[in-house]
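For reference, the structure discussed in these notes is given below.
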Amino acid sequence: MSVDKEVAEYTAKTSRSRALHEEALAVMPGGNSRTTTFFDPYPFYIQRGQGAHVWDADGTDRIDFNGNYTSLILGHAHPDVVKAAQQAAEHGLSFPGPTEHEIRLAELLKRRVPSVESLRFTNSGTEATMNAVRLARAFTGRPKIAKFEGAYHGTHDWVMVSVGGDPKAGGSRKRPKSVAWSAGLPPAVLKHVVVLPWNDPEACEQILEAEAAHLACLIVDPLLCNAGLIAPAEGFLQRLRASTERHGIVLIFDEVISFRVAWGGAQERLGVRPDLTTFGKIIGGGLPVGAFGGRTDVMNFYDPRKGGARISHGGTFNANPVTMAAGVATLNAVTPEAYTRLDALGERLRGGVTRLLAATRRKGQATGMGSLFWLHWTAEPLTDWRSARPKDAEAPLRVFLGLLNEGVLLTQRGLGACSLAMTDEDVDRLINALARVVARA
Ligand SMILES: Cc1ncc(COP(=O)(O)O)c(C=O)c1O
Numbered sequence: 034m035s036v037d038k039e040v041a042e043y044t045a046k047t048s049r050s051r052a053l054h055e056e057a058l059a060v061m062p063g064g065n066s067r068t069t070t071f072f073d074p075y076p077f078y079i080q081r082g083q084g085a086h087v088w089d090a091d092g093t094d095r096i097d098f099n100g101n102y103t104s105l106i107l108g109h110a111h112p113d114v115v116k117a118a119q120q121a122a123e124h125g126l127s128f129p130g131p132t133e134h135e136i137r138l139a140e141l142l143k144r145r146v147p148s149v150e151s152l153r154f155t156n157s158g159t160e161a162t163m164n165a166v167r168l169a170r171a172f173t174g175r176p177k178i179a180k181f182e183g184a185y186h187g188t189h190d191w192v193m194v195s196v197g198g199d200p201k202a203g204g205s206r207k208r209p210k211s212v213a214w215s216a217g218l219p220p221a222v223l224k225h226v227v228v229l230p231w232n233d234p235e236a237c238e239q240i241l242e243a244e245a246a247h248l249a250c251l252i253v254d255p256l257l258c259n260a261g262l263i264a265p266a267e268g269f270l271q272r273l274r275a276s277t278e279r280h281g282i283v284l285i286f287d288e289v290i291s292f293r294v295a296w297g298g299a300q301e302r303l304g305v306r307p308d309l310t311t312f313g314k315i316i317g318g319g320l321p322v323g324a325f326g327g328r329t330d331v332m333n334f335y336d337p338r339k340g341g342a343r344i345s346h347g348g349t350f351n352a353n354p355v356t357m358a359a360g361v362a363t364l365n366a367v368t369p370e371a372y373t374r375l376d377a378l379g380e381r382l383r384g385g386v387t388r389l390l391a392a393t394r395r396k397g398q399a400t401g402m403g404s405l406f407w408l409h410w411t412a413e414p415l416t417d418w419r420s421a422r423p424k425d426a427e428a429p430l431r432v433f434l435g436l437l438n439e440g441v442l443l444t445q446r447g448l449g450a451c452s453l454a455m456t457d458e459d460v461d462r463l464i465n466a467l468a469r470v471v472a473r474a
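In this text, residue positions in the sequence shown follow the numbering used here: the first is 34, and each later residue adds one.
Take a look at the structure:
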């Protein structure tokens, strides 16, 4: 089936969402506050979620492998999390001072992630990476930052560089140019952001060495989660660790998504200790959240005692008690054993997709680790953002819409996540739905 036919079926099923979208257009540009969740012709409006399911405004039930872009590791409205949030809310929604909930969530994170000796909370992953980058500059006294081509770290200026768009604009694969990913980025940003090629250790080492005197940090999403979930080649992160250490460059792991692959995050699973780590998504149990932390000597730039912090970090809702309580309940529910279950769900899914593609002789593959997966529509080896860009630009959207029509929700580009609310049958439902979508493509 073509995209047009999938769209026609989708619009026939979502009349109430279409009406709501019309209302939204009158008050918001494109009717929308969140670029990521928009798709043509209009997104469906979600009325409620429970466990592994969401229901839209027309009452259609879909199984949710999007999980608010991988945030909901326990699924929707987990009773422990709802209860914790309700109890916290009953005592007041926000205060002009700290609460005990903040200490408890910080303790849980520190216990799980040994590189995080000390941490602070924010309201989003974007704020977490923004603070981590600023902190690295303050600590090293150097102005530039390095990031990987294709890597997404949120929506502040310093990281909206070389995230998407046409790879030709980036020039050489081995020495990519900094390319603005958004209108409104000042040219100074491009001069201060060095872009590296994923999974090319020699090229990275050369660039880091050449730029070292000016480089404050290297920010790395250890699984390149938003550019196709392209795993680091054996030893790649270790070489980045050695190189950054040699040159006094602060190594930041952005674990906003990848934290969900193990009790101690991707850094535990891959055996690399960064200087700083950023968090978001699952640590707030579904409420707005972010955190950044790491070496105490670095984090101390935020210590407000003895004459004041060297970096100011206000935030009316930082460490909001309801979020902190929901985060504590979530992390307590995701026990070490839970990761075995999440891994098994992810493996079942990736294995099922692989078998389906082989049986139907379709070109494609499922990348990912633990509960995270990404469906690609090429059989070629995927090593970096450039190779993972879809050759048939329409394929991910066709599959996304096709799955929506089959009652399965993914992200538009192919990223998905299993939650602890899911059963093996839920995973099989995705595989069977995908089989029908592939058959009619
Ligand atoms: C790796 C990574 N870093 C940072 C962010 C930004 O987090 P937030 O959307 O909470 O600002 C995201 C969001 O998807 C992310 O995936």
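Glycine is no exception: its CB is placed at the ideal position from the N, C-alpha and C atoms. Predicted, not measured: the structure shown is a model, and the values here were computed from it.
How far does the alpha helix (DSSP H) with residue i in it reach, from first residue to last?
| i | result |
| --- | --- |
| Phe269 | 269-280 |
| Ala243 | 234-244 |
| Met357 | 354-366 |
| Arg473 | 457-473 |
| Leu389 | 369-393 |
| Thr159 | 158-173 |
| His225 | 220-225 |
| Gly298 | 298-303 |
Cα-Cα, which of the options is closest to residue i?
| i | options | result |
| --- | --- | --- |
| Arg188 | Gly158, Gly130, Ala165, Leu229 | Reading off the sequence shown, one finds Thr at residue 188, where the question assumed Arg. With distances taken between Cα atoms, Thr188 lies closest to Gly158. |
| Arg175 | Leu405, Leu251, Thr356, Ala299 | Leu251 |
| Leu467 | Leu229, Ala454, Arg431, Met455 | Arg431 |
| Ala426 | His186, Asp199, Ala165 | Asp199 |
| Arg419 | Gly326, Glu135, Leu262 | Leu262 |
| Pro147 | Pro337, Trp296, Gly384, Glu413 | Trp296 |
| His225 | Lys210, Thr44, Gln239, Ser345 | Lys210 |
| Gly327 | Pro354, Ala184, Ala121, Asp308 | Asp308 |
| Gly313 | Leu364, Gly397, His247, Lys180 | Leu364 |
| Leu415 | Ala428, Thr400, Val361 | Thr400 |
| Pro265 | Ser404, Gly304, Val289 | Gly304 |
| Arg145 | Pro219, Lys201, Thr310, Pro76 | Thr310 |
| Lys46 | Asn156, Pro129, Thr93 | Thr93 |
| Phe72 | Thr444, Leu270, Ala474 | Thr444 |
| Arg395 | His54, Ala472, Ala122, Tyr185 | Ala472 |
| Asp457 | Leu448, Thr411, Gln398, Leu375 | Leu375 |
| Leu272 | Ser215, Arg306, Arg338 | Residue identity differs from the one stated: residue 272 is Arg in this sequence, not Leu. Of the candidates Ser215, Arg306, Arg338, the one whose C-alpha sits nearest the C-alpha of Arg272 is Arg306. |
| Pro112 | Ser215, Gly318, Gly379 | Gly318 |
| Ala377 | Asp287, Glu413, Gly403 | Gly403 |
| Phe5 | Val149, Trp88, Glu380 | There is simply no residue 5 to check, as the chain begins at 34 and stops at 474 in what is shown. |
| Glu413 | Ala202, Gly397, Ala352, Leu405 | Gly397 |
| Val283 | Val331, Ile316, Ile240 | Val331 |
| Arg208 | Asp190, Gly217, Glu182, His134 | Glu182 |
Start and end of the beta strand (DSSP E) containing residue i?
| i | result |
| --- | --- |
| Met193 | Where Met193 is concerned, there is no enclosing beta strand (DSSP E), given that its DSSP letter is neither H nor E. |
| Ser154 | Rather than Ser, the amino acid found at residue 154 in this sequence is Phe. Start and end: 151-155. |
| Ala324 | 323-327 |
| Thr416 | Careful: Thr416 lies outside any beta strand (DSSP E) and carries neither H nor E. |
| Lys46 | Premise fails: Lys46 lies in the alpha helix (DSSP H), 36-46, not in any beta strand (DSSP E). |
| Ala399 | 398-402 |
| Lys180 | 177-181 |
| Gly82 | 79-83 |
| Ile316 | Looking at the DSSP string, Ile316 is not in any beta strand (DSSP E), and its letter there is neither H nor E. |
| Ala249 | 248-253 |
| His86 | 86-89 |
Are the beta-carbon atoms of residue i and residue j separated by less than 7 angstroms?
| i | j | result |
| --- | --- | --- |
| Ala450 | Gly84 | no |
| Arg153 | Tyr335 | yes |
| Arg469 | Ile96 | no |
| Val192 | Thr162 | yes |
| Tyr78 | Ser50 | yes |
| Glu238 | Val227 | no |
| Asn259 | Asp417 | no |
| Ala358 | Ala117 | yes |
| Val367 | Ile106 | yes |
| Ile344 | Ala171 | yes |
| Glu123 | Gly323 | no |
| Val355 | Ala121 | yes |
Quick check on residue i: buried or exposed, where buried means 16 or more other Cβ atoms within 10 Å of its Cβ?
| i | result |
| --- | --- |
| Met61 | exposed |
| Leu126 | exposed |
| Glu39 | buried |
| Arg81 | exposed |
| Pro369 | exposed |
| Thr68 | exposed |
| Ala428 | buried |
| Pro220 | exposed |
| Phe98 | buried |
| Gln119 | exposed |
| Leu58 | exposed |
| Pro129 | exposed |
Would you list the residues whose beta-carbon is nearer than 5 angstroms to any heavy atom of ligand 1, in the order they occur in the chain? Result (chain order): Ser157, Gly158, Thr159, His186, Gly187, Asp254, Asp287, Val289, Ile290, Gly313.
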